[in-house]
Each structure stands twice: as C-alpha cells, then as structure tokens.
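Asks: Residues in the sequence shown are numbered from 1 upward in steps of one, following UniProt numbering.
The structure under discussion is supplied below as structure tokens; questions concerning it will follow.
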Amino acid sequence: MIIMDSSWDKHGGIGRFYNEISVRLKEIKIVKFTSKPASPFACMINTLKCLFLYNHNDCVFFPGYIPPFFSRCPFIFTIHDLNHIDRLENQTVLKRFFYDKIILRGCHKAKYIFTVSEYSRGRILEWSGVSPDKVINVGNGVDERYNSNVIPYPFEGKYLLSVSNRKIHKNEFRIIESFGLAEIDAHIKLFFTGHSNNELEDFINGKGLRERVIFLGYIDEKDLPSLYKGAEALLFPSLYEGFGLPVIESMACGTPVLTSTTTCLPEIADNCAILVNPESVSEIKSGIEKLVNNEELRKDLISKGYARAALYTWTNVVNKVAGSLGIK
1 MIIMDSSWDK HGGIGRFYNE ISVRLKEIKI VKFTSKPASP FACMINTLKC LFLYNHNDCV
61 FFPGYIPPFF SRCPFIFTIH DLNHIDRLEN QTVLKRFFYD KIILRGCHKA KYIFTVSEYS
121 RGRILEWSGV SPDKVINVGN GVDERYNSNV IPYPFEGKYL LSVSNRKIHK NEFRIIESFG
181 LAEIDAHIKL FFTGHSNNEL EDFINGKGLR ERVIFLGYID EKDLPSLYKG AEALLFPSLY
241 EGFGLPVIES MACGTPVLTS TTTCLPEIAD NCAILVNPES VSEIKSGIEK LVNNEELRKD
301 LISKGYARAA LYTWTNVVNK VAGSLGIK
C-alpha cells in the first residue's frame, strides 16, 4: 500500500505540490500525519507512524522535506530546495542542526528523494553524497487556471508585477531601485504581492517612488492569474530558487518575464525570458526597459513563453511520481 501524507495541505508551494498529485493519483491512500508539518516535532510523529502503523509492505510518500528518523517501511520524501543551508539569512542554528542530523540522515535512509529541478537535484546530490539514481527530479506544474484566456486584473493603467514575500533572496530592494532608474513611462506602477515592511517603506520613500510602488496585500490564489495577465511583465530577479513557479505561471498567462541567471532559473526559463545578473541594478534596469519599450521583443517572449509553460504540466509530474512509486 502507498500512503501519502496530507499534512502540507494548504501550506504554500508544498501544499500545492501535494494537492495536485493527490487528486490525480487515485491508487494512493491519503493520511494526515500532523497539523504542523513544518515543526521539528513532525519528525517525531512521522517516525512513530512509520514504526508502528506501517511495515515493509507499505511505502510512505512525504511531499514535504521532513523525513522520519526511523522507519519500518520504505519512504520517499521531497526536498524542493536547500535555501535554508544555501542562504545565510535563512539559516538558524536549529535549522542547520536539523538539516545536518535529520534531513541528511533521511536522504541516506529514503527509498527516493523527489525534487523539482535539475539545479536542486545537483545541490542535493552534492550536499548529501547519496547515489545519483536516488534523487529524482519530478518537476513542477502549472495549474490550468493560468492560461491565455484569463481576464486581466482590473487596473486603469500599466503595471509591472513582482510575486514575492519579503524574504531577502527575493531581491526586492534591487527591483525597486532598478524600476526607479528605468527609462520607462513614469505612469507605470510596480505591484508587489503581500504587505510591505518598514525597511522597504523607508527605501521606497528615499527613492521618491511612494506613488509608483504598490503593495497589494494578500492575494488569493484564484486571483493570481488575472494579476499576471494584466501586467506588462513579471520581474523575478531572485537570488535563489528551487524552481521559481511564478516564471512559468506568468508565461502561461502570456506575460513576458525578467528573471535571473542564477540557481534553477535559467533552466526553467530557458531562452524564453530576459535573464539578468540579479546582483546588478544596471542589468535589471536595462531588462525592464527592454520589456516595456521593445514591442517586438515582447511579442517574441510571449510566444516563446506559451510554448515553454506548456512543458510544465501536472500530468507530467504525476507520471514521474507514479513511475517511481511503481504505479502504472
């Protein structure tokens, strides 16, 4: 019997990964292991269930990154990226200990480790030292709600969009500075998803951009497609990503993309976006100008983006997962 842990349901990107797979794989049994899947105590709960509820005839699939410490049954878990050890600002002593003692052990004990890009696969192999055939890139998918027929976000005017979350690696200060310097129509706004913070507010005011940079607050996922569709472009020059789903979601809606030359982003975007050094304000600025002012380039990127996004389907993901689980 194959059991899938539902604990990550409605918990961000991992929750989406769980939801899309669970609704498509009817052969698996869904079990909720814990109500707090990101808690260090989740490892203890996962361990107890894998020791006492299941045996060698079962296989437990964890869509998240916390494995059991001991297990009587084979298990598979998912590491979407290693940002908690690759990015200093995302580290704590507890997180480092947890990765070194729990997750690393899980990598060696697991039947397979799923991940979502070749970049993440390479980092997991480099960090863990496990056999290459043990780490499987199952990829990521784009929900069918992201498509060319989406009704654009109702805004009277033009805007650029950054789907972000105030974490340092999202590179928001450089995005704002580059936007302010870009030689584009001064009426164009810059929208960020989520709420602002004091540091960003001070920075925006210091750059004289108070009227042009807007934080939209919480955006329900059902409203994201229209937000992408209405944008002139997506600005996503992130310093670190394990996949970078906004890149593909934007392309699927017919919105051109600026993203980074770092981590997985060239792999995901291929030649279908403007790629910039995310640490270079001048490159980001130049990229913004091209996306806004060069209509032929925009058309080319939109066309290429549709084709690129079409490669990232949840059907493809599920087929790879099913193959690894032995489901035909």
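Each residue gets a CB set at the ideal place from its N, CA and C atoms; glycine is no exception.
Report yes if the CB atom of M246 is closer than 7 Å to the CB atom of F236, and no otherwise.
Replies: Here residue 246 turns out to be Pro, not Met, going by the sequence shown. Yes. Within cutoff.
Asks: Could you check whether the segment 311-320 touches the segment 135-145, counting it as contact only if at least three pairs of C-beta atoms, one from each stretch, sit closer than 8 Å?
Replies: Yes, the segment 311-320 is in contact with the segment 135-145.
Asks: How about E279 and C264: do their beta carbons lie closer than 7 Å?
Replies: Cβ distance not < 7 Å, so E279 and C264 don't count as in contact.
Asks: Are Y312 and A231 close, meaning C-beta to C-beta below 7 Å?
Replies: For Y312 and A231, no; Cβs fall outside 7 Å.
Asks: Can you tell me which of the three DSSP states L239 falls into?
Replies: In the structure shown, L239 sits in coil (DSSP, three-state: anything other than H, G, I, E or B).
Asks: Buried or exposed for H56, please, with buried defined as at least 16 other CB atoms from any protein chain shown within 10 angstroms of its CB.
Replies: By the neighbour-count rule (16 or more Cβ atoms within 10 Å), H56 is not buried but exposed.
Asks: Once the 5 residues before and after F192 are set aside, which same chain residues still bring their CB inside 6 Å of it?
Replies: Within the same chain, F192 has close Cβ partners S162, S164 and F215.
Asks: Are the CB atoms of Y18 and P68 nearer to each other than 7 Å?
Replies: No, they are not a contact pair.
Asks: Roughly how many whole angstroms lie between the Cα atoms of L51 and F61?
Replies: Straight-line Cα distance between these residues: approximately 15 Å.
Asks: Whether or not the segment 170-187 and the segment 279-288 are in contact is what I'm after, with contact meaning three or more pairs of Cβ atoms, one per stretch, closer than 8 Å; do they touch?
Replies: With a cut-off of 8 Å, the segment 170-187 and the segment 279-288 count as touching, because enough Cβ pairs lie within range.
Asks: Using the rule of at least 16 other Cβ atoms within 10 Å of the residue's Cβ for burial, across every protein chain shown, is G106 buried or exposed?
Replies: Its Cβ being crowded by 16 or more others within 10 Å, G106 is buried.
Asks: Does I274 come out as helix, strand or coil in the three-state DSSP assignment?
Replies: I274 falls in the strand class under three-state DSSP.
Asks: If you check the beta carbons only, do V150 and K229 fall under 7 Å apart?
Replies: Yes; because the gap between Cβ atoms is below 7 Å, this pair is in contact.
Asks: Should V138 be counted as a contact of the ligand COA given a C-beta to heavy atom distance under 6 Å?
Replies: Absence of the ligand COA from the depicted structure is noted, as is the absence of any ligand whatsoever, leaving it without description.
Asks: Where do the N-terminal and C-terminal ends of the alpha helix (DSSP H) with T315 fall, by residue?
Replies: W314 to L325 is the span of the alpha helix (DSSP H), which, as asked, contains T315.
Asks: Suppose you measure from the CA of F33 to the CA of L94; what does that come to, to the nearest Å?
Replies: Answer to the nearest angstrom: the Cα atoms are 22 Å apart.
Asks: Tell me whether K95 sits in a helix, a strand or coil according to DSSP, three-state version.
Replies: Here K95 sits in helix by DSSP.
Asks: Between the Cα of V130 and the Cα atoms of A110, C43, E118 and N147, which residue gives the shortest distance?
Replies: Among A110, C43, E118 and N147, the Cα nearest to that of V130 belongs to A110.
Asks: Determine contact between the segment 303-312 and the segment 10-27, defined as no fewer than three beta-carbon pairs at a distance below 8 Å.
Replies: With the cut-off at 8 Å, the segment 303-312 and the segment 10-27 do not touch.
Asks: Taking only the alpha-carbon atoms, compute the straight-line gap between L297 and V276 and give it to the nearest angstrom.
Replies: Distance between the alpha carbons of L297 and V276: 15 Å.
Asks: Report buried or exposed for P132, applying the criterion of at least 16 other Cβ atoms within 10 angstroms of its Cβ.
Replies: Flag for P132 reads exposed.
Asks: Nearest to P154 by alpha carbon, out of R72, V31 and L227?
Replies: Looking at the Cα atoms, L227 is the closest of the given residues.
Asks: What are the partner residues of residue 392, as DSSP defines its beta bridges?
Replies: One cannot answer for residue 392 here, as it falls past the ends of the chain, which runs 1 to 328.
Asks: Could you tell me the boundaries of the beta strand (DSSP E) in which K189 lies?
Replies: K189 to F192 is the extent of the beta strand (DSSP E) around K189.
Asks: Could you check how far apart the C-beta atoms of S120 and D81 are, in whole angstroms? I think they sit under 8 Å.
Replies: About 5 Å separates the two Cβ atoms, so the contact holds.
Asks: So what does DSSP say about L245, is it helix, strand or coil?
Replies: L245 falls in the helix class under three-state DSSP.
Asks: Between D100, D86 and E199, which has its C-alpha nearest R123's C-alpha?
Replies: For the residues D100, D86 and E199, the minimum Cα distance to R123 belongs to D86.
Asks: Given that a residue counts as buried once 16 or more other Cβ atoms are within 10 Å of its Cβ, and exposed if not, what is V213?
Replies: Buried.
Asks: Identify the continuous alpha helix (DSSP H) that holds T78 and give its terminal residues.
Replies: No alpha helix (DSSP H) holds T78; the beta strand (DSSP E) holding it covers F75 to T78.
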